[in-house]
Every structure is written in structure tokens, then in C-alpha cells.
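These notes concern the structure reproduced below.
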Amino acid sequence: MALSAYDLTGRAAFVTGAASGIGRASALLLAEAGALVHCADRDETGLRRTCDL
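Take 27 as the starting number for the sequence shown in the working numbering and just add one per residue.
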């Protein structure tokens, strides 16, 4: 699902579980919509992979 109908520029989001699954997908979609995304997860390696996307 794309968030192209939403402009989140200037907004901030905090996503937990961002290393994989729904958390990763949410973080990527929010960033695509223009939000400043802060991510957290216990899996540091997976979290770095998400940030690199």
C-alpha cells in the first residue's frame, strides 16, 4: 500500500520493531511519504539494513 495520498513532510514518526516485517514496512512507507522516521529494534543488524534502504 502506498501513502502517495499523504504528505507527511515536517512530521515525525517513531517505529518500534523496524528491523523486519510490519515495522520495517511501516518505517519505509512513512519515510517515502516524507516523515522524519526514528526507528528502534533489538536486532541492530536488521535495523541498520532498514536504515540503509
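Ideal Cβ positions, reconstructed from N, Cα and C, are used throughout, including at glycine.
Taking a C-beta distance under 8 Å as the contact criterion, L56 and V41 qualify as a contact pair. One thing to note: T76 has its Cβ no nearer than 8 Å to the Cβ of A59. Closest in C-alpha terms to G72, from the list H64, L79, A45, C65, comes A45.
For the 8 Å CB-CB criterion, D67 and G49 form a contact. Cβ contact annotation for G43 (same chain, cutoff 6 Å, sequence separation greater than five): G49, D67, in chain order.
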